[in-house]
Structure formats: C-alpha cells, structure tokens
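Student: Sequences listed follow chains F and V, in order. The first sequence finishes on residue 242 if you use the working numbering, and the numbering steps up by one all the way, no holes. The second sequence finishes on residue 277 if you use the working numbering, and the numbering steps up by one all the way, no holes. A single structure is presented below for examination.
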Amino acid sequence: MSAPSVHAFMAVLQRDLLLAMRRKSEVLTAVFFFVVVAALFPLGIGPELNTLRLVAPGVLWVGALLSSMLALQRLFEADFRDGTLEQMAVSPTPLALLVAAKLLAHWLVSGLPLVLLAPVLGLQFDLPVEALLTLTLALLVGTPILSLVGGIGAALTLGVRGGGVLLSLLVLPLFVPVLVFGAGAVEAQASGLGSQAHFSILLAMLLPAAFFGPWACASALRIALE
Amino acid sequence: MVCQVSSVVGLFCALRSYQLVINKSRSGNPWFYFAAPHTFFGLAGRAWPWLAAMATLLLLAGLWLGFMVAPTDFQQGEGYRIIFVHVPASWMSMVIYMAMAFWSVLGLTFNTRLSGMMTRALAPTGALFAFLSLWTGALWGKPMWGAWWVWDARLTSELILFFLYLGYIALTSAIDDTRRGDRAGALVAIVGAINVPIIYFSVKWWNTLHQGASVSLTKSPTMASVMLWGMLLMAMAFWLYTVALVLYRVRTLILQRERHAAWVQDLPELQP
C-alpha cells in the first residue's frame, strides 16, 4: 500500500473515532442495550442457575447481535447527510480502503465494548471461567464479522424509508451462521467436546468477510450514492 | 427413445433460433439481441403459453405417477407421497436463487435493465417455493420424525434462504428509484448466493436429522424407479411452471417500466 493510502486510512480511522468520542451517548446507548438485554433474560426466565447456565451463550450472543444491529444504523448516516461520503467516493484513495477504516472504527467503538463486557455479564448467568473465556474469544472473532457484513446492509439501506427494520431483515439471515457457531463454541466447550472446530469456522468466516466485506460495502455505497 | 427424440427436437430448435437471431441482429452483437426489453417482450410472449402447457402436462403426468402408480412405501406408508411436492419445491427454491444471482451478475456487469427486471420477476416465485418447501417439510416431519420443526442444518439454512428472498423483495420494494433498487437487490442476491451451496451440502457436512442425498448425478439413485420418475417429472413441471410464470411476470414489468417508449404506445392492445 502506498503512503498516501495509509495516511488516508489512518485519517478516516482517527476522524471516526474522534467523532464517536464526541457523541459518546450514541455509542453507549448500543452498549447499554446489550447490558439491559442480558439483564432482562434472567428476569424473564427465572433465577434457576442451571437453566441460566444453559441459555447464557445464546442469550449473550443474541444480545450482541441486536446491539450490533442498532449500532449499524449510524455507520454511514451522518457522512451521507453532510456529503462526506460523496467526497470519499470521488477521492483518489480506493473507497474500499476508506470504508475499511470506517468499519474498523465502528467495531472498535461498538463491537469491542461488547467483547469486554461479555465476561462480566456472563457472571450474571453463573458461567464457569473457561466458558467465559471461550465466550469472550468467540465474540472477539465474531463481532468483526457482524460489523463487516452489517456494513453491507447499512450501505444498501442508506436513505431508504423504513431503513432500520429493513436493515434487520437483510442482515439477520447473514448473521445466523456467526450466531450458530459462536454460541455453539461455548456450548461445545462446556460439554467437553472442545471448541476448536467452531473457532476454525468462525475464523473461516472472518477472513473472507475482512477481505471482501469492504469491497462489497464500497459497491453498495456507490449504488446508494447515485 | 424419448431421450433421442427430445435431443433431436432440442437441437433443431437451437439451430433455428440461432439462425433467426443472426438474421435479425444484423447490426449489433447477437448475444445482446434479446437484452432489449422490446425484443424480449416478443420472445417471452411467444414462449410462455407453450411452457405453461408443457408444465401442465408434466404436472398431470407426475401427479398420476406419484399418486396413482407409485406403490406404498414399506416404512412410511402413504405419507411419503409428499416427496413429490417437497423435493421439487426445495430444488426450485435453490435453482431460482442461483438464477437470481446469475441475472444479478449480468446486470451489474453489463448494466442491462432487463437483468434487474428478470431478478425481480424471479423473487416472488422463489419465495413461494422456499415457503412451500418448509411447509410441506413440516407436514412430512410431524408423522415421520414426530416434530414439526427441528433446528438442523438443512432446515435452518432453507429458512435463511426464505428470509433472503423476503429481504430481497423488501429492499427492492422500499427503494423508489427502480435502477438503484435493481442494483441494491443485485448485491443482496449475489451476497446471499453463498447460502445455496450450504443448503445443498448441509446433509453431507453435518449430522442432520434430514435425509441425505438419494439422487446424485454420479451414482445410481437409491430409491425405487417409479418414485424417482414421479419426482423428476414433478421437478420438470415446477421448472417449466417457473419459467412460464417468470416470463409472464417480466412482461408486466417491461410494460410498466417502458410505458413511455414508442413500441409500447404502438401495441395493438393499447389502440382505442
């Protein structure tokens, strides 16, 4: 990669992180949503610890999924509205590179807090330490996939009526494999089978998503910007 | 004997069409002759009645074979006959999605508006077949497995396919600008196409409750010949039905989108 491209990448990354820090409430809303959802389930299911331990991986993963989806809506909205996105599209730097920077910033601000919070919330469900570790690692691999694939959905529904719900309908079917293998990893570890296979598949999903995601996202943005 | 006759007929039709297209497309690339909505409108108009008639014949033949001729199954009794609807519907739901992905790739590459119209025309039929597959599967599963639904790999991935169809239809309906809608939908169709091989290979890759593949291109089938033929006839019937219906639907889309063009204004049906 040439020096100007790297500069552009870092500049966009820095800008998005700075903007997110200035509007902390937007970021924290999605994170607190995760916390609230994780707290609601034990209240609904009942305090029986054995049941909670069984449902914990699924509940925490679904909470992370929904929280990611909430956060996706503000990925491109602000830049689309004030014209920055168009400037990015016509700049000499490849749009896919700039989009990659935006997606990375988005994950650092919306996905990484979920990963860090998960062990704490897992304690509420009485998960043992090894399970907490597996859960955290699985989320660490899985949440970037959510940002990458969700970015495509966010770009496709940019400026469309009913965008939020439409985004969920578009993006949830693509999230299902991540959910299945992510929650499955924790369950496999808990049942003694070992989670290596699940992690292999999660990484196998992450790598193409990381490679093709920004490119597909850039195509979707060009379609939306016409 | 049937194979030989049909291959001769098919060869004849192919040669004749090639001759016609080369003659008519004196100016321009013959490959793109039917990419113009006007010419495709005519072709689709001539083709769909024949396809619908053939579909009806094959449907009657398949249903007769399946419900009148095929014997009672040793293990499953009469209930297995739902296979004659369930398997063809599942096959069609996957084939139609791959067709949507195909037209989407063509549309994005060559920027043809007809590709977007074809993809939009395919989606409702595909969604219907995916729903039919899930529904008939549930109706079969209850007596056979004791459960209306299990979360095994094949059923889950077919459900995801159904949601992908709905997502495509929702997205293309929500975007007002038709060309932008076409392109956005094309991206959804292409990205979601990865799901179809997953459905197909799910019974091989996972330990699932759903039956494994009994019909393969490389090995002889593991089911009785009469049942197999009934299923294949129904599959052909569903395929021809799909093509006929999609051609009819795309004609409507062409008329809607091209209503300002001179050839539409000059149509005999529209003259006072």
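A virtual CB, placed ideally from N, CA and C, is assigned to each residue, including glycine.
Throw me the rounded Cβ distance for the A135 (chain V) and S98 (chain V) pair, which I believe falls under 8 Å.
Tutor: Yes, A135 (chain V) and S98 (chain V) are in contact; Cβ-Cβ is about 4 Å, under 8 Å.
Student: Taking DSSP as the reference, what is the three-state secondary structure of G62 (chain F)?
Tutor: Of the three classes helix, strand and coil, the one that applies to G62 (chain F) here is coil, per DSSP.
Student: Exposed or buried, W96 (chain V), counting other C-beta atoms within 10 Å across all chains shown (16 or more means buried)?
Tutor: Buried is the call here.
Student: Can you find the residues in the same chain that come closer than 8 Å, C-beta to C-beta, to T45 (chain F), ignoring five residues on each side of it along the sequence?
Tutor: The answer, listed in chain order, is L86.
Student: Excluding sequence positions up to five away, which residues of its chain have a Cβ less than 8 Å from the Cβ of V227 (chain F)?
Tutor: The question names Val, but residue 227 (chain F) is Phe in the sequence shown. Nothing listed; no residue qualifies.
Student: Looking only at C-alpha atoms, which of F:I61, F:T173, F:A117 and F:L130 sits nearest to R31 (chain F)?
Tutor: Minimum Cα distance to R31 (chain F) is reached at F:A117.
Student: Secondary structure at D98 (chain F), three-state DSSP: helix, strand or coil?
Tutor: Residue state, collapsed to three classes: helix.
Student: What's the gap between the Cα of G208 (chain F) and the Cα of S107 (chain F)?
Tutor: Using only the alpha carbons, I get a separation of about 52 Å.
Student: Chain V beta carbons: is any one of them nearer than 9 Å to that of L172 (chain F)?
Tutor: Interface residue, yes.
Student: May I ask you to report which of helix, strand or coil DSSP gives G82 (chain V)?
Tutor: Of the three classes helix, strand and coil, the one that applies to G82 (chain V) here is strand, per DSSP.
Student: Between which two residues does the alpha helix (DSSP H) harbouring Q270 (chain V) extend?
Tutor: Note, Q270 (chain V): alpha helix (DSSP H), A267 to Q270.
Student: Please confirm whether A54 (chain F) has its beta-carbon closer than 9 Å to some beta-carbon of chain V.
Tutor: So, not an interface residue.
Student: What number of angstroms, rounded off, separates the C-alpha of R185 (chain V) from the C-alpha of V22 (chain F)?
Tutor: One C-alpha to the other measures close to 31 Å.
Student: Cβ closer than 9 Å: which chain V residues qualify as neighbours of G208 (chain F)?
Tutor: Within 9 Å Cβ-Cβ: nothing; G208 (chain F) doesn't reach chain V, min ~17 Å.
Student: Once you ignore the five residues that flank A234 (chain F) on each side, which residues in its own chain have a CB closer than 6 Å to its CB?
Tutor: These residues qualify, in order along the chain: L111, A112 and V115.
Student: So which residues of chain V does R177 (chain F) contact, with C-beta pairs closer than 7 Å?
Tutor: A179, listed in chain order.
Student: Among the residues of its own chain, which have a CB less than 6 Å from the CB of G74 (chain F), if the five just before and after it don't count?
Tutor: So the list reads A199, once near-sequence residues are dropped.
Student: Compare the C-beta of P189 (chain F) with all C-beta atoms of chain V and state if any pair is closer than 9 Å.
Tutor: So, interface residue.
Student: Taking a Cβ distance cut-off of 7 Å, strictly less, list which residues of the region 224-237 of chain F are near chain V, in chain order.
Tutor: Hits within the stretch, in order: A232, S235 and A236.
Student: Determine, for E242 (chain F), whether the minimum Cβ-Cβ distance to residues of chain V falls below 9 Å.
Tutor: Chain V contact via Cβ: present.
Student: Is A54 (chain F) close to the ligand COA? I mean its beta-carbon at under 8 Å from any heavy atom of the ligand.
Tutor: This structure simply doesn't include the ligand COA, nor any ligand for that matter.
Student: Can you list, in chain order, the residues of its chain with a C-beta nearer than 7 Å to that of L148 (chain F)? Leave out the 5 residues immediately preceding and following it.
Tutor: Counting only Cβ-Cβ distances below 7 Å, and skipping sequence neighbours, we find P135 and G138.
Student: With three or more C-beta pairs closer than 8 Å as the rule, is the region 171-188 of chain F touching the region 141-160 of chain F?
Tutor: No, because fewer than three Cβ pairs between the region 141-160 of chain F and the region 171-188 of chain F fall closer than 8 Å, the two stretches do not touch.
Student: Please go through the same chain and pick out, in chain order, the residues whose beta-carbon is closer than 6 Å to the beta-carbon of T109 (chain F), but skip the five residues on each side of it.
Tutor: So the list reads S21 and A24, once near-sequence residues are dropped.
Student: Have a look at T173 (chain F) and L130 (chain F) and give me their C-alpha separation to the nearest angstrom.
Tutor: Cα-Cα distance, rounded: 24 Å.
Student: Could you name the residues of chain V that V192 (chain F) contacts, counting a contact when the two beta carbons are closer than 9 Å?
Tutor: Going along chain V in sequence order, the residues near V192 (chain F) (Cβ under 9 Å) are T161, S162, L164, I165 and F168.
Student: L182 (chain F) CB to nearest chain V CB: under 9 Å?
Tutor: Answer yes: the Cβ-Cβ gap between L182 (chain F) and chain V drops below 9 Å somewhere.
Student: Within 9 Å of any Cβ in chain F, is that where the Cβ of A132 (chain V) sits?
Tutor: With 9 Å as the cut-off, A132 (chain V) does not count as an interface residue toward chain F.
Student: Can you give me the C-alpha to C-alpha distance between A240 (chain F) and I174 (chain V), rounded to a whole angstrom?
Tutor: One C-alpha to the other measures close to 17 Å.
Student: Rounded to a whole number of angstroms, what is the C-alpha to C-alpha distance between G84 (chain V) and W145 (chain V)?
Tutor: Roughly 7 Å separates the two Cα atoms.
Student: Quick one: list the residues of chain F neighbouring L171 (chain V), beta-carbon separation under 8 Å, in chain order.
Tutor: The contacting residues are L185.
Student: Decide if E163 (chain V) is buried, meaning its Cβ has at least 16 other Cβ atoms within 10 Å, or exposed.
Tutor: With 16 or more Cβ atoms within 10 Å of its Cβ, E163 (chain V) is classed as buried.
Student: Strictly under 9 Å for the Cβ-Cβ distance: is A135 (chain V) near chain F by that measure?
Tutor: No, A135 (chain V) lies away from the interface with chain F (no Cβ there is under 9 Å from its Cβ).
Student: Just by C-beta distance, which residues in the region 152-169 of chain F are closer than 7 Å to chain V?
Tutor: Flagged, chain order: I168.
Student: Spell out whether any CB of chain F is found under 9 Å from the CB atom of V193 (chain V).
Tutor: True, the Cβ-Cβ gap to chain F drops below 9 Å.
Student: By a C-beta neighbour count over all protein chains shown, 10 Å radius and 16 as the cutoff for buried, is A204 (chain F) buried or exposed?
Tutor: Answer is buried; the Cβ neighbour count reaches 16.
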